[in-house]
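A.B. asks: Have a look at the structure that comes next, please.
There are 4 protein chains.
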Amino acid sequence: MTEPKSYKWYIEYTSPEEGHMHSIQKLHYSSQTKFQSMEIMDSGSYGRCLVLDGKIQSSQADEFIYHEALVHPAMLTHPDPKRVFIVGGGEGATLREVLRHKTVEYCMMVDIDQEVVEKSKELLPEWHEGAFDDPRTDLRFLDARKYLEETKDIYDVIIIDISEPVEEGPAYLLFTREFYEIVNERLSPGGVISLQAGTTALHQLLNFTSVNKTISAVFPVVAPYQAEIPSFGLPWGFTLASKDEDPRKFSQKRVDGMISERISGTLRYYDGITNQGMFQLPKHIRKALAEETKVIEDNAPLFTYN
Amino acid sequence: MTEPKSYKWYIEYTSPEEGHMHSIQKLHYSSQTKFQSMEIMDSGSYGRCLVLDGKIQSSQADEFIYHEALVHPAMLTHPDPKRVFIVGGGEGATLREVLRHKTVEYCMMVDIDQEVVEKSKELLPEWHEGAFDDPRTDLRFLDARKYLEETKDIYDVIIIDISEPVEEGPAYLLFTREFYEIVNERLSPGGVISLQAGTTALHQLLNFTSVNKTISAVFPVVAPYQAEIPSFGLPWGFTLASKDEDPRKFSQKRVDGMISERISGTLRYYDGITNQGMFQLPKHIRKALAEETKVIEDNAPLFTYN
Amino acid sequence: MTEPKSYKWYIEYTSPEEGHMHSIQKLHYSSQTKFQSMEIMDSGSYGRCLVLDGKIQSSQADEFIYHEALVHPAMLTHPDPKRVFIVGGGEGATLREVLRHKTVEYCMMVDIDQEVVEKSKELLPEWHEGAFDDPRTDLRFLDARKYLEETKDIYDVIIIDISEPVEEGPAYLLFTREFYEIVNERLSPGGVISLQAGTTALHQLLNFTSVNKTISAVFPVVAPYQAEIPSFGLPWGFTLASKDEDPRKFSQKRVDGMISERISGTLRYYDGITNQGMFQLPKHIRKALAEETKVIEDNAPLFTYN
Amino acid sequence: MTEPKSYKWYIEYTSPEEGHMHSIQKLHYSSQTKFQSMEIMDSGSYGRCLVLDGKIQSSQADEFIYHEALVHPAMLTHPDPKRVFIVGGGEGATLREVLRHKTVEYCMMVDIDQEVVEKSKELLPEWHEGAFDDPRTDLRFLDARKYLEETKDIYDVIIIDISEPVEEGPAYLLFTREFYEIVNERLSPGGVISLQAGTTALHQLLNFTSVNKTISAVFPVVAPYQAEIPSFGLPWGFTLASKDEDPRKFSQKRVDGMISERISGTLRYYDGITNQGMFQLPKHIRKALAEETKVIEDNAPLFTYN
């Protein structure tokens, strides 16, 4: 231990027994919004970070991994996604990745927390890259679940980009069977969804396995996968579900072909090989998924430590 | 943040800007050995841990991931590994996994630090599971590099299971081109090696990419891969190199067939699907590997922060 | 910040907003006793420490300050203390200081936690210095309050050396008016008591001021004082109460005279000048004491953060 | 441990083995000035704080203790202080306390770091309370040592309010015998100085004792004293030196009389009783002072850990 340490640290507790420390270079914004605690800071290792309820949502250094992993598998699993709906996604980077798909004609993004979106607009320009101003974007500050329940609109892809279900946080009713049924109702016939689904670390696997079990109660195709986002401190899981297509059957070549045809610009994380790797989960995770019996419901929700 | 926190914490600094905190339940052993600082403790999240020079080497909860990932791809890449050499591997779990291979007739394990091995024997029984007493085991406390330089013996597989190259630590001269050339000399014609190669986190990728570049200067087949070992706090990389076979070409079925034929007992982490996943690195890591130019040499070594 | 840091830290939280960190050199003992959590460790700055319920009780480096400050003013305030009673005092150092007084013929020490005393005997020899084996010592493992309530015995000095009143800890009923009334009953006519009374830090002064208010409801002479025990992290308060004499009136010379006459060996912290200093509290603390109205009672107890 | 903890912490290391943690509520300013690192933050326990080179200089909650302890004993030790010089004192609170003395006609304040003073003016209004705008104030941004060396002006009281002598910090040459000789030259016949002199914690006493030894080489009257400033984490020492008067001889009544006559407004910390207490150091500190032999000199400076 030979080099200087910081005087200012951000500590993210992943359990009462474990935490990750990040030096704070600068604290740009700190607030208790109507829905959650919020911070935008510069960390020593990962650059600028958005933190909600004590959890890093994304960092400048590795947000491209998170957002490409969340968006592109789902978008490519649909043959021709024109109408997309984003639940959450306050930073604007999920929107950014969606809009790179040339097929997209309309993208509604519904985030409950206006303050998060407005501060992200101001302080996280590398995230949204102007996506909020794209004419295809329809941004609203609403309760996404209530909106989806009441609307008659239909979407090809619905991307659920929300924070973890911490107690008293705004997200936990967006992880239940009832919510996924509402989502399913709003999808077109070849419809696809994807979501971040919690850590895949073996000692805290319940969130990942029960989210997958819950979605399996609603969708015929459920494809769990993982990606490494170092700033999260633990390996991370995602889930894709569809009414029809299964991205695990796509060859490397087919994925690369779709990327060059349908996506503008250059991806940094996702391509055909990455797609091959991310859906091949290790044996112990597949076993835990297979053995899971818990279905998350409105009256039996799941909470994450924070 | 609603639950009790610990009063005692172990902090592993991965850089001056980043650390991982583990609650200490019990500290079983703490020593400055002849070569490094050493601790055996019970952490709240991962159970018992071996810590060398401030770095968790393996934990009770997830050591199976590390050791299966390190040992089995290399062992199965050789068609009939009879003689195996382990560099380091003090806990005895690498030895344990090697000895599960029915083909193995002889395994020499050379660790420089007798105190680490003896305390592991006593305090980490779930790691070695008696492997040190197997009649095929030949355990010696020597400088492995010097031994390999001087011996005339030939091995089918050499597994390099050493701690990271921290300054003043015992490992840094076991990551150089000169060392890999010595290793290469001691391998039989279809010989294979594997090693842990540092984190694959994008902001600290130099160790992984330059180790691979260095090995590529010596071996015709070099197959980098990664695995998630949550107690390490960051995603982790490995490298397999061989004189002939390439495990990336093995079908899922072939891997599963070899496992059931050649390995005793049941694996928890590794199988045909896991093999498919672990070698498919994300695009940005493949790019960094391709662009790396640094070859680590005895007089241009690489050090890791601790 | 130029020097090495520790990997292992003990953190003592004095509030949800503040903590003190001590490097852990060695953890000698760690247990959940019948009454509290207990640790004996070597810290980097203060040497060996006894920790109960997450609070340093005393450290090798500065326990002499705490124990001399707690014991000698009370003992010298009584003209001829023969019979002494210690409530708590598990480390044995309060007993050690009491027994240095040549007048003492009998000292009963009652600690509820046998495990704390036995481990202190074994691992804190510099604290007790054999005091447990002094023929004048009568050590018992009982509930001190219950014992004092039931006994008919009379004491000249009663020293209350207990940990802070943390919720669910063993001490909080030993800080109430009802308890001080029991204590008062057991004192001889010139009887004196002393106790540690919590921090005198201005932002956490409630414990100190309300303990003093409570004792004032029972004793005619109440003399609050403070001492600096660096390992406690915050300035610390004590209270002396008596039926008659007031140590604040003792001249420096008188204290020095009594010390050389009545106490064996050499004191390191306490003498006539120290006595002058410790009872002269700063203006803001005297003001807070004067304004305090809270009397702690069995059914209106006070709890400290831990 | 039952209540919420913070995600953001400021850690002040007082040695490689010890630190104090303060939750960060808000970070108002963070900069590397020309001379030192600087932060203004709101801590959970002590409110707003000024931090220089990783050390809390003063906090909203207890700065009154520090500044009253530093200023008033020295000012009252001079019979009629008209001209005062402040070395450092960037927050403006030392100036504020000096200007409360009705005798003062002129006060020069020299701080090397203009950025610290300007940001204090803006963000620490409770500290300066407008003192910078007092017509008696003459504020300059210079090297105080150089200025005092070159000027011919004479002062009645010189108050040295500088940060600790950390390596590469701006203060270490203001703690040497040579500097105190320069100061002595600039004092009127009854002249008095005072300064903060480092912690009085027994395991880090060298700064306090050697500063006192050094000043004793220059001044006939040297009166070390201490005060408890909880936000400093350790007990704190000061030194007063004069050419003539000794404040330790002032009766309580005389101090109270001088305060009501010569000082505007109401003091919160300092009065006659406080004066009695603060100069009566405990025995072990007096012993260490008496035994100290080190005189700090320009070519044998002393550095504090940071």
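Residue numbers (the working numbering), protein chains in the order written: chain A, 923 to 1228; chain B, 923 to 1228; chain C, 923 to 1228; chain D, 923 to 1228.
For each residue, glycine too, the CB sits at the ideal point set by N, CA and C.
As the structure is a prediction and not an experimental result, all values here were calculated from the model.
1. Alpha carbons only, please: which of D:I1181, D:P1152, D:L1128 and D:Q1198 is nearest the one belonging to S1173 (chain D)?
2. Measure from the C-beta of S952 (chain B) to each C-beta in chain C and report whether the shortest distance is under 7 Å.
3. Please state the DSSP three-state secondary structure of D1314 (chain C).
4. Answer with buried or exposed for T1215 (chain C), where buried requires no fewer than 16 other C-beta atoms within 10 angstroms of its C-beta.
5. Would you kindly work out how many angstroms separate the C-alpha atoms of T1098 (chain B) and V1020 (chain B), rounded to a whole number?
6. Can you give, in chain order, each stretch of the beta strand (DSSP E) that sits fully within the stretch 936-1013 of chain B and has at least 3 residues?
7. Leaving out the 5 sequence neighbours to the left and right, which residues in its chain are closer than 7 Å to E1219 (chain B) when beta-carbon positions are compared?
8. To the nearest angstrom, how far is the alpha carbon of S965 (chain C) from that of Q982 (chain C)?
9. For a test of the three-state rule: what should DSSP assign to L1211 (chain A), helix, strand or coil?
10. Kindly list, in the order they appear in chain D, the residues whose Cβ is closer than 8 Å to that of L949 (chain A).
11. Could you compute how far the alpha carbon of T924 (chain B) sits from the alpha carbon of D1065 (chain B)?
12. Applying a beta-carbon distance threshold of less than 7 Å, which residues of chain A neighbour M963 (chain B)?
13. Which partner residues does F1160 (chain D) have in the DSSP bridge list?
14. Looking at chain B, is there any beta carbon in it that lies within less than 7 Å of the beta carbon of G976 (chain C)?
15. Answer with buried or exposed for T1182 (chain B), where buried requires no fewer than 16 other C-beta atoms within 10 angstroms of its C-beta.
16. Suppose you measure from the CA of Q954 (chain A) to the CA of G976 (chain A); what does that come to, to the nearest Å?
17. In three-state DSSP terms, what is L1109 (chain C)?
18. Just the Cα atoms here: how many angstroms apart are C1029 (chain D) and R1005 (chain D)?
19. Quick one: which chain B residues come within Cβ less than 7 Å of I933 (chain C)?
20. Can you tell me where the alpha helix (DSSP H) holding R1022 (chain D) begins and where it ends?
21. Going along chain D in order, which residues have a C-beta closer than 7 Å to the C-beta of T1131 (chain C)?
22. Judging by CA-CA distance, which residue of A:A1015, A:R1062 and A:V1032 is the nearest neighbour of H1050 (chain A)?
23. CB E1013 (chain A) to CB L1045 (chain A), shorter than 7 Å?
24. Reducing DSSP to helix, strand and coil, say where T1196 (chain D) ends up.
25. Considering L1070 (chain D), what are the terminal residues of the alpha helix (DSSP H) in which it resides?
26. Assuming R1176 (chain B) is part of the alpha helix (DSSP H), what are its boundary residues?
27. Quick one: Cα of A1123 (chain D) to Cα of F1154 (chain B), how far?
28. Determine the chain D residues that contact D1193 (chain C) at a beta-carbon separation under 8 Å, and present them in chain order.
29. I want to verify the contact list: residues of chain C whose CB lies under 7 Å from the CB of V937 (chain D), in sequence order.
30. Is the CB-CB distance between R1170 (chain D) and A1149 (chain D) below 7 Å?
31. Can you say whether G1011 (chain C) is buried or exposed, counting buried as having 16 or more other CB atoms within 10 angstroms of its CB?
32. Spatial neighbours of G1187 (chain D) within its chain, please: C-beta separation below 8 Å, excluding the five flanking residues on both sides.
33. Let's test the definition: count the other Cβ atoms within 10 Å of the Cβ of A1139 (chain C) and tell me whether it reaches 16, buried, or not, exposed.
34. Under 8 Å Cβ-Cβ, which residues of chain C neighbour L1162 (chain D)?
35. Hey, does T1196 (chain C) have any beta-carbon neighbour from chain D nearer than 7 Å?
36. Does the structure place the stretch 1152-1168 of chain B close enough to the stretch 1103-1123 of chain B that three or more beta carbon pairs sit under 8 Å?
C.D. replies: On the basis of the coordinates in this document:
1. Nearest C-alpha to S1173 (chain D): D:Q1198.
2. Closer than 7 Å: yes.
3. For chain C, the structure presents residues 923 to 1228; residue 1314 (chain C) sits outside this window and is missing.
4. It counts as exposed.
5. Near 24 Å, if we compare the C-alpha coordinates of V1020 (chain B) and T1098 (chain B).
6. The qualifying runs are 940-954, 959-965, 969-974, 977-981 and 1005-1010.
7. Counting only Cβ-Cβ distances below 7 Å, and skipping sequence neighbours, we find T1098, R1099 and E1100.
8. If you take the alpha carbons of S965 (chain C) and Q982 (chain C), they lie about 9 Å apart.
9. In the three-state DSSP reduction, L1211 (chain A) falls in the helix class (H, G or I).
10. What L949 (chain A) touches in chain D: K930, I946, K948, L949 and S952.
11. In this predicted model, T924 (chain B) has a pLDDT of only 36, less than 50, meaning its place in the structure is not dependable; the value taken from the coordinates is given anyway. If you take the alpha carbons of T924 (chain B) and D1065 (chain B), they lie about 50 Å apart.
12. Under the 7 Å cutoff, chain A gives no residues; its nearest Cβ is about 12 Å from M963 (chain B).
13. Answer by DSSP bridge pairing, in chain order: D:Q1118 and D:Y1147.
14. Output row for G976 (chain C): interface = yes.
15. Looking at the sequence shown, residue 1182 (chain B) is not Thr but Ser. Burial state of S1182 (chain B) is exposed, judged by a 10 Å Cβ sphere holding fewer than 16 other Cβ atoms.
16. Cα to Cα, Q954 (chain A) sits roughly 11 Å from G976 (chain A).
17. Residue state, collapsed to three classes: strand.
18. A straight-line Cα-Cα distance of about 6 Å links C1029 (chain D) and R1005 (chain D).
19. The answer, in chain order, is Y929 and W931.
20. Taken as a continuous stretch (DSSP letters only), R1022 (chain D) belongs to no alpha helix (DSSP H), as it is neither H nor E.
21. For T1131 (chain C), there are no neighbours in chain D by C-beta distance under 7 Å, as the nearest C-beta there is about 15 Å away.
22. In terms of Cα proximity to H1050 (chain A), the closest of A:A1015, A:R1062 and A:V1032 is A:A1015.
23. With respect to L1045 (chain A), E1013 (chain A) sits apart: the two C-beta atoms are not nearer than 7 Å.
24. Assigned with DSSP and collapsed to three states, T1196 (chain D) falls in helix.
25. From DSSP, the alpha helix (DSSP H) with L1070 (chain D) extends over A1066 to E1072.
26. Q1174 to R1184 is the extent of the alpha helix (DSSP H) around R1176 (chain B).
27. Taking the straight line from one Cα to the other gives about 38 Å.
28. Under the 8 Å cutoff, chain D gives K1205.
29. Reading off the sequence, residue 937 (chain D) comes out as Ser, not Val. For S937 (chain D), the residues of chain C that pass the 7 Å Cβ criterion are S967, in the order they occur in the chain.
30. Pairing R1170 (chain D) with A1149 (chain D) gives a Cβ-Cβ distance that is not under 7 Å.
31. That one is buried.
32. Annotation for G1187 (chain D): R1022 place their beta carbon closer than 8 Å to its own, counting only its chain and skipping 5 residues before and after.
33. Looking at its Cβ environment, which holds fewer than 16 other Cβ atoms inside 10 Å, A1139 (chain C) is exposed.
34. None at all; the shortest Cβ gap to chain C is about 16 Å.
35. Yes, its Cβ sits closer than 7 Å to a Cβ of chain D.
36. Verdict: yes, contact present.
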